[in-house]
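Numbering (the working numbering), first residue to last: 75 to 271. Here's the structure, in structure tokens; my notes come after.
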Amino acid sequence: MSLATELATRHRFSAREYRQMAESGVFGEDERLELVEGEIVEMSPIGPRHMEAVIALNALLLPQLVDRYDVSIQMPLGTDPSGETQPDFTLLRKDRVKGRIPGGPDTALVVEVSDTSLRYDRQVKSPLYARAGVPELWIVNLVDDVVEVSTEPAPDGYGATIRVARGQRVDSPTVPGISFDADDVLPPRTETQALRS
């Protein structure tokens with residue numbers, strides 16, 4: 075290892091610096107990036123099952139909730155002064171302050187669809203959302219074909235998580251009126267994926 079490598083340090087960015095870089099064209103137009111704990115992180119590409127799950131969530135929840143909440147699909151969410159993620163689906167409170175990037179207190183629900191990013195979403199993003207005060211987080215877990223519903227946010231993570239499998243109902247503990255079959259948002263596995271499980 076060279077001396078330069080040993081002495082290299084990472085620069086941590088604030089959300090404000092990150093947005094300024096984006097606005098000045100530092101990042102490519104099609105780059106999928108998030109700011110997580112001050113580090114710029116490249117997001118995994120969206121695969122077919124991930125895409126189908128986001129489409130299903132949108133089709134299922136939007137008609138039920140559009141009168142009570144604003145819906146944000148893969149748009150920025152400020153998690154702290156050095157964090158700005160892009161959840162797959164976010165329910166935003168209508169009474170939030172508009173004209174700025176929303177934060178945890180502005181949300182009612184955040185959803186991450188996870189296939190290749192499952193471990194990262196559980197170990198890094200879930201505690202981040204809990205610290206930000208997001209009241210309810212769903213991880214649509216395409217690896218295990220379950221919807222993980224987490225509530226009771228605290229500084230060290232969510233206090234309660236339930237796993238809802240195919241054939242069971244997802245009932246939101248914090249958003250009245252959200253109830254559906256888990257199968258409605260868990261796309262079918264490909265033949266190759268079915269053989270691996």
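By construction, the Cβ of each residue, glycine as well, lies at the ideal position given by its N, Cα and C atoms. Since the model is a prediction, treat every value here as computed from it, not as a measurement.
Can you tell me whether DSSP reads residue i as helix, strand or coil?
{"i": "residue 186", "result": "strand"}
{"i": "residue 77", "result": "Unreliable placement is indicated for residue 77, whose pLDDT of 47 sits below 50; the coordinate value is still reported in the next sentence. Note: residue 77 maps to helix in three-state DSSP."}
{"i": "residue 274", "result": "The chain is shown from 75 up to 271; residue 274 falls before or after that span and cannot be answered."}
{"i": "residue 129", "result": "helix"}
{"i": "residue 269", "result": "Note that residue 269 scores 47 on pLDDT, short of 50, meaning its location in the model is unreliable; the coordinates nonetheless yield the value given after this. If DSSP states are grouped into helix, strand and coil, residue 269 belongs with the helices."}
{"i": "residue 196", "result": "helix"}
{"i": "residue 227", "result": "strand"}
{"i": "residue 167", "result": "strand"}
Using a threshold of 8 Å, state whether the C-beta atoms of residue i and residue j are closer than that.
{"i": "residue 95", "j": "residue 160", "result": "no"}
{"i": "residue 163", "j": "residue 140", "result": "no"}
{"i": "residue 256", "j": "residue 244", "result": "yes"}
{"i": "residue 183", "j": "residue 246", "result": "yes"}
Could you name the residues that DSSP lists as bridge partners for residue i?
{"i": "residue 29", "result": "For residue 29 there is no data in the structure shown, the boundaries of the chain being 75 and 271."}
{"i": "residue 158", "result": "109 and 152"}
{"i": "residue 116", "result": "107"}
{"i": "residue 248", "result": "In DSSP, residue 248 forms no bridge with anything."}
Report, in whole angstroms, the separation of the C-beta atoms of residue i and residue j, which I expect to be a contact under 8 Å.
{"i": "residue 158", "j": "residue 109", "result": "4 Å"}
{"i": "residue 155", "j": "residue 206", "result": "That pair is no contact at about 11 Å."}
{"i": "residue 296", "j": "residue 223", "result": "Residue 296 lies beyond the range of the chain shown here (75 to 271); nothing can be said about it."}
{"i": "residue 274", "j": "residue 249", "result": "Because the chain here runs from 75 to 271, residue 274 falls outside it and cannot be looked at."}
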